[in-house]
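Novice: Before I ask anything, let me first share the structure, which is written out below as structure tokens.
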Amino acid sequence: MSGLGKGVTTSSIAKLLQLADQKVSCIKIDPYLNYDAGTMNPIAHGEVFVTEDGGECDMDIGNYERFLNQNIPKSHNITTAQVYSAVIESERKGEYLGACVQIIPHITDEIKNRIRKIAKDENLDFLIVECGGTVGDIESLPFLEALRQMRVEEGPQNIVFVHVTLAPSLDVVGEQKTKPTQHSAQELRRIGIQPDFLAVRCTMPLEEKTKVKIALFTNVTSKDVLSCHDVKSIFQVPQILYDQGIMDSLFTKFGKVGMVNASANWNKWNSIVESMTNREDQKIKIAMVGKYVTLADSYVSVNHALKHAGAKIGKSIEIDWIDSESINDFNTLSNYDGILVPGGFGARGSEGIIKTANYAREKNIPYLGICFGFQLAAVAFGRNVLNLKDANSTEIEPNTKNPIVDLLPEQKDVLGMGGSLRLGANDIVIKPNTITHKIYNANTISKRHRHRYEINKQYIPEFEKHGLIFSAESDNGKRMEVLEIPAHKFYLGVQFHPEFNSRPGYPEQAFEAFVIAASKK
Ligand code: GLN
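Under the working numbering, the letters of the sequence shown match residues 15 to 535, in that order.
Quick look at the structure:
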């Protein structure tokens with residue numbers, strides 16, 4: 015089922031292989047009919063993760079990037095829509111002329127081709143393919159069928175299956191129930207796949223007798239029944255799997271016995287995990303004011319980025335999510351060391367964001383605004399400092415007389431909503447002698463984007479006259495990328511999404527600067 019931890023399991027296995035000096039990458043298969051995650055509500059599906067090459071992907075891609083400290087291209091997020099579109103397009107071109115086009119073999123071939131192409135093009139030693147959904151779901155059947163075929167075609171020494179299951183504890187004594195695992199493994203076998211490993215999610219470590227029982231019912235040896243119990247940080251999961259012997263067993267199955275783990279890699283990784291887990295002294299309290307706060311996963315990369323930054327300076331971060339639509343007592347924000355407004359779309363909840371950005375400015379509370387939080391900080395400044403009472407973004411009020419934020423000119427003729435925003439990495443030029451330049455210590459940076467609106471350049475002279483500087487731009491000065499208020503304790507807005515570049519051990523600089531400012535009393 016979703017939320018079980020397939021992404022973390024996948025990332026952890028990939029990490030272990032990477033620590034053993036193997037060239038690895040991951041693929042996420044999403045069996046839904048959306049072409050990509052871009053059009054999905056983050057409250058239902060979690061954050062839309064944007065890749066360097068402009069993919070709007072499932073948030074698991076973010077887990078892979080953070081665990082592996084490696085960029086993952088958008089081709090690594092395969093959906094039903096992409097596979098079917100490609101097959102239907104080929105059929106229309108006449109590429110299967112004479113054939114009756116079917117799920118098997120045409121759809122399954124397309125799936126296998128995509129997987130093989132990535133492994134080959136990227137010259138990988140190992141590719142971990144995560145298949146989303148639940149075994150037995152109609153949607154995921156063609157994918158599982160393709161994977162079954164691949165094992166036959168590539169041989170068992172080249173492909174192993176890891177099945178992620180659940181062992182719930184039902185009573186106070188905490189007896190671990192094995193039925194869901196038994197039945198799910200049985201369902202998988204019915205499809206023709208015998209798992210080599212079971213990664214069993216549970217609250218407490220799986221008892222030996224439970225492993226033996228699961229092994230008996232599932233045809234998996236008990237040493238390959240792996241306990242994936244709850245831990246403080248997801249970055250501890252590779253160690254847990256390693257301690258249960260997964261690497262020896264994996265290498266044995268792949269006929270690579272005798273492979274060793276590179277200890278230097280482990281030292282670096284362990285020190286990162288250590289920094290991410292042991293920080294109890296000072297807590298930095300951050301208010302995250304946004305639109306999609308009912309699901310923590312809506313802003314998962316932002317949460318991670320804050321934690322990476324906290325770990326770097328040895329502090330833990332406590333995040334409170336505040337709904338921008340229902341907030342009315344803005345004074346509660348004075349209890350926080352910093353205020354962060356993440357990305358968002360549409361009018362609902364936007365007034366609360368504008369007031370939040372203004373409150374942070376007036377009360378000298380460190381503020382980091384990302385994308386929507388950048389645009390609406392400019393609107394707040396327009397209304398309250400430049401005295402343009404009706405200042406707004408045309409996304410919120412199309413007829414405003416003071417469109418401080420307006421549609422990107424090239425977006426004016428765009429009709430469809432899918433994949434049509436300004437997406438992916440773009441170069442950004444930073445002006446010298448600015449706070450932004452100090453933060454990045456560079457003249458040019460490259461950051462990922464996902465937006466349709468931008469700062470209206472017409473207002474810049476007024477802004478700058480009143481102490482708000484646009485300190486970085488892109489596309490030869492066409493677009494404003496960063497705003498800062500030098501007289502403020504810390505007030506930064508960024509049009510790009512710095513959260514997607516943050517990795518454990520290597521926090522993104524804007525987050526680091528924000529957290530440092532928030533840590534100062
Ligand atoms: N809605 C704004 C835009 O489209 C901001 C987007 C975002 O925050 N990702 O420009």
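Just so you know, even glycine gets a beta-carbon here, dropped at the ideal spot from N, CA and C.
Between tyrosine 98 and serine 104, is the Cβ-Cβ spacing less than 8 Å?
Specialist: No; because the gap between Cβ atoms is not below 8 Å, this pair is not in contact.
Novice: I need the straight-line Cα distance from glutamate 172 to alanine 95, nearest angstrom please.
Specialist: Looking at the sequence shown, residue 172 is not glutamate but asparagine. Near 28 Å, if we compare the C-alpha coordinates of alanine 95 and asparagine 172.
Novice: Bridge partners for serine 183 per DSSP, in chain order?
Specialist: Answer by DSSP bridge pairing, in chain order: Gln190.
Novice: If you pair each beta-carbon of the stretch 206-224 with each one of the stretch 162-181, do three or more pairs fall below 8 Å?
Specialist: Cβ pair count under 8 Å is three or more, so yes.
Novice: Measuring only the C-alpha atoms, how far is glutamate 201 from isoleucine 368?
Specialist: Near 51 Å, if we compare the C-alpha coordinates of isoleucine 368 and glutamate 201.
Novice: State the CB to CB distance for the pair alanine 301 and isoleucine 336, rounded to an integer number of angstroms; the pair is presumed to be in contact (CB under 8 Å).
Specialist: Sure, about 6 Å apart at Cβ, within 8 Å.
Novice: In whole angstroms, what separates the C-alpha of glutamate 1 from that of alanine 361?
Specialist: Beyond the ends of the chain as shown, which are 15 and 535, falls residue 1; an answer cannot be given.
Novice: Using 8 Å for Cβ pairs, my map puts alanine 532 next to isoleucine 298. What's the rounded Cβ distance?
Specialist: Their Cβ separation, rounded to whole angstroms, is 5 Å, which keeps alanine 532 and isoleucine 298 in contact under 8 Å.
Novice: Looking only at its own chain, which residues have a Cβ that is under 8 Å from the Cβ of leucine 141, when we skip the five neighbours before and after it?
Specialist: Excluding sequence neighbours, leucine 141 sits near Val38, Ser39, Cys40, Ile41, Ile129, Ile132, Ala133.
Novice: Ends of the beta strand (DSSP E) at proline 56?
Specialist: From DSSP, proline 56 is part of no beta strand (DSSP E) but of the alpha helix (DSSP H) over 56-59.
Novice: Rounded to whole angstroms, what's the CA-CA distance from methionine 73 to histidine 318? Just pull it up for me.
Specialist: Spanning the two alpha carbons is a distance of roughly 12 Å.
Novice: Which whole runs of the alpha helix (DSSP H) in the stretch 312-399 are 4 residues long or more, in chain order?
Specialist: Counting only runs of 4 or more, we get 314-326, 364-376, 386-398.
Novice: Take glutamine 116 as the anchor and find which of Ile102, Val234, His480, Lys88 has the nearest alpha-carbon.
Specialist: For glutamine 116, the nearest C-alpha among the options comes from Ile102.
Novice: Given the structure, does cysteine 385 come close to the ligand GLN, in the sense that its CB is under 7 Å from one of the ligand's heavy atoms?
Specialist: Yes.
Novice: For aspartate 420, collect the residues of the same chain with a Cβ closer than 6 Å to its Cβ; drop the 5 residues on either side in sequence, then sort them by chain order.
Specialist: Correct list, in chain order: Thr408, Asn470.
Novice: State the start and end residues of the unbroken alpha helix (DSSP H) segment that holds alanine 486.
Specialist: Unbroken run through alanine 486 is the beta strand (DSSP E), 483-488; no alpha helix (DSSP H).
Novice: I'd like the span of the alpha helix (DSSP H) that includes lysine 225, first residue to last.
Specialist: Here the alpha helix (DSSP H) through lysine 225 covers 222-232.
Novice: Given a cut-off of 8 Å on the beta-carbon distance, is the pair alanine 28 and phenylalanine 81 in contact?
Specialist: Cβ distance < 8 Å, so alanine 28 and phenylalanine 81 count as in contact.
Novice: Quick check: what's the CA-CA separation for isoleucine 125 versus isoleucine 341?
Specialist: Each residue's alpha carbon lies about 46 Å from the other.
Novice: Tell me whether tyrosine 313 counts as near the ligand GLN, meaning its Cβ is closer than 7 Å to at least one heavy atom of that ligand.
Specialist: No, the ligand GLN has no heavy atom inside 7 Å of this Cβ.
Novice: Which of helix, strand or coil does DSSP assign to aspartate 441?
Specialist: Here aspartate 441 sits in strand by DSSP.
Novice: Throw me the rounded Cβ distance for the threonine 192 and threonine 235 pair, which I believe falls under 8 Å.
Specialist: Rounded, the Cβ-Cβ distance is 16 Å, inconsistent with contact.
Novice: Give the DSSP bridge partners of glutamate 70, in chain order.
Specialist: DSSP lists Val64 as partners of glutamate 70.
Novice: Counting along the chain, where does the beta strand (DSSP E) carrying isoleucine 41 start and finish?
Specialist: That run of the beta strand (DSSP E) goes 38-44.
Novice: As a quick exercise: from Ser488, His502, Lys426, Ala323, pick the residue whose alpha carbon is nearest that of proline 412.
Specialist: The shortest Cα separation from proline 412 among Ser488, His502, Lys426, Ala323 belongs to Lys426.
Novice: Answer with yes or no whether the minimum CB distance from leucine 347 to chain E is below 8 Å.
Specialist: In the structure shown, chain E cannot be found, because there is only a single protein chain.
Novice: Taking DSSP's pairing of strands, which residues face glutamate 544 in a bridge?
Specialist: Look at the range of the chain in this structure, 15 to 535, and you will see that residue 544 is not part of it.
Novice: What's the C-alpha gap between leucine 354 and leucine 402?
Specialist: One C-alpha to the other measures close to 24 Å.
Novice: Since asparagine 77 and serine 154 are thought to touch, with beta carbons under 8 Å apart, how far apart are those beta carbons, to the nearest angstrom?
Specialist: Incorrect: roughly 19 Å between the Cβ atoms, too far for contact.
Novice: For lysine 479, which option in Ile499, Met494, Arg493 has the closest C-alpha, if you only look at C-alpha atoms?
Specialist: The shortest Cα separation from lysine 479 among Ile499, Met494, Arg493 belongs to Ile499.
Novice: Count the other CB atoms within 10 Å of the CB of glutamine 472; is the residue buried (16 or more) or exposed (fewer)?
Specialist: Counting Cβ neighbours within 10 Å, glutamine 472 comes out exposed, since fewer than 16 surround it.
Novice: Could you check where the beta strand (DSSP E) with valine 214 kicks off and where it finishes?
Specialist: Unbroken beta strand (DSSP E) run through valine 214: 211-216.
Novice: Okay, do the stretch 436-445 and the stretch 382-396 touch, 3+ Cβ pairs below 8 Å being the bar?
Specialist: No: fewer than three Cβ pairs fall under 8 Å.
Novice: Along the chain, where does the beta strand (DSSP E) that runs through tyrosine 98 open and close?
Specialist: No beta strand (DSSP E) holds tyrosine 98; the alpha helix (DSSP H) holding it covers 94-107.
Novice: Report buried or exposed for glutamate 424, applying the criterion of at least 16 other Cβ atoms within 10 angstroms of its Cβ.
Specialist: Classification for glutamate 424: exposed.
Novice: Among the candidates Ser330, Gly206, Gly366, whose CA atom is the shortest distance from the CA of aspartate 343?
Specialist: Per the Cα distances, Gly366.
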